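Note that the protein sequences, when read in sequence, are chains A and B.
Going by the numbering used here, the first sequence opens with residue 1, and the numbers climb by one from there.
Going by the numbering used here, the second sequence opens with residue 116, and the numbers climb by one from there.
Virtual Cβ for every residue (Gly too), placed ideally from N, Cα, C.
Fair warning: this is a prediction, and the values are worked out from it, not measured in the lab.
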Amino acid sequence: KAGVTQTPRYLIKTRGQQVTLSCSPISGHRSVSWYQQTPGQGLQFLFEYFSETQRNKGNFPGRFSGRQFSNSRSEMNVSTLELGDSALYLCASSLDKGTGTGELFFGEGSRLTVL
Amino acid sequence: QKEVEQNSGPLSVPEGAIASLNCTYSDRGSQSFFWYRQYSGKSPELIMSIYSNGDKEDGRFTAQLNKASQYVSLLIRDSQPSDSATYLCAVARDNEKLTFGTGTRLTIIP
């Protein structure tokens with residue numbers, strides 16, 4: 001069974017540009033969550049999507065957005081990049097049987113460097 | 116007060132000994148509790164989940180939950196060098212975001 005797939009794995013952008021990251025969840029998983037990981041802040045929750053709807057949202061500015069498609073694949077977008085956006089962006093999927101917060105399975109991440 | 120607190124370490128444990136990792140959380144409404152292991156340069160990997168008070172054992176790993184004290188712990192028996200990693204505690208209310216601690220770096224000394 002294939003795991004969570006994230007693309008691209010590495011990317012370099014300059015300030016002011018925008019970036020789109022993609023995530024394909026484990027087959028059958030309906031929930032996709034996005035996290036930002038930095039050495040100083042650890043894992044910070046961005047948002048969660050379930051059945052194409054944003055179910056939970058973290059405390060990030062509106063420059064960070066996401067969406068989920070009918071096949072559960074998800075994308076996140078960061079506009080007007082800032083130096084502080086340099087981080088590892090992790091996508092995680094969950095089976096989510098509707099009985100509570102499910103176990104998250106993470107992809108390898110997309111490492112973004114903003115110059 | 117942080118929502119999920121862990122001692123950042125590093126925690127050094129001799130090979131073959133028991134490693135004890137601790138985590139406290141602030142939200143009394145939390146229902147789901149998880150331990151993740153993250154090797155350097157890799158993504159977090161789920162190793163244990165626990166939902167009820169008490170102990171849950173899986174191989175060399177035991178998770179302990181005490182909701183009254185808002186405390187979760189992970190014991191690793193017969194520690195191996197391959198257990199050297201950062202261990203992340205994560206907590207959530209039902210159907211809400213999973214909140215992570217900043218992790219405890221564990222080093223197993225051969």
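Within the same chain, Trp34, Leu46, Phe47, Tyr49, Gln54, Ser74, Glu75, Met76, Asn77 come within 8 Å of A/Gly66 by CB-CB distance, once the 5 residues on both sides are set aside. Of all residues in the stretch 87-111 of chain A, only Leu90, Gly100, Thr101, Glu103, Leu104, Phe105, Phe106, Gly107, Glu108, Gly109 place a beta-carbon less than 7 Å from a beta-carbon of chain B.
Counting along the chain, the unbroken beta strand (DSSP E) around A/Gly42 starts and ends at 42-50. Close CB contacts of A/Phe60 within its chain, under the 7 Å cut and outside five residues either way in sequence, are with Leu46 (chain order). Shown here, B/Ser184 sits in coil according to DSSP, grouped into three states, outside any helix or strand. Here A/Ser93 carries a strand assignment [DSSP, helix/strand/coil]. Taking 3 residues as the shortest admissible run, the stretch 143-198 of chain B contains the following complete beta strand (DSSP E) segments, listed from N- to C-terminal end: 147-153, 160-165, 169-173, 176-181, 186-191. B/Gly124 has no beta-bridge partner at all, per DSSP.
Cβ contact annotation for A/Gly109 (same chain, cutoff 7 Å, sequence separation greater than five): Gln6, Leu88, Tyr89, Leu90, in chain order.
Within chain B, no residue has its beta carbon less than 7 Å from that of A/Gly84; the closest one is some 18 Å off. In the structure shown, A/Gly84 falls within a helical segment according to DSSP collapsed to helix, strand and coil. Going by beta carbons, A/Leu81 and A/Gln18 fall inside the 8 Å limit. Along the stretch 40-52 of chain A, going in chain order, the ones with a CB nearer than 7 Å to a CB of chain B are Gly42, Leu43, Phe45, Glu48. Within chain B, the residues Lys212 have their CB atoms less than 9 Å from the CB of A/Gly58, given in chain order.
Taking 8 Å as the upper bound on Cβ-Cβ separation, chain A lies near no residue of the stretch 118-129 of chain B.
When the alpha-carbon of B/Lys157 is set against those of B/Lys182, B/Thr201, B/Ala205, B/Leu189, the nearest one is in B/Thr201. Secondary structure of A/Gln17 (DSSP, three-state): coil. Within chain A, no residue has its CB atom less than 7 Å from the CB of B/Pro225, the nearest being about 27 Å off. Taking 9 Å as the Cβ-Cβ cut-off, the stretch 157-188 of chain B approaches chain A at Lys157, Ser158, Pro159, Glu160, Leu161, Ser164, Tyr166, given in chain order. B/Leu221 has a beta carbon lying at 8 Å or more from every beta carbon in chain A. Residue-level contact check: B/Gly218 touches chain A, since one or more beta carbons of chain A fall below 8 Å from its beta carbon.
8 Å or more divides the Cβ of B/Leu221 from the Cβ of B/Leu161.
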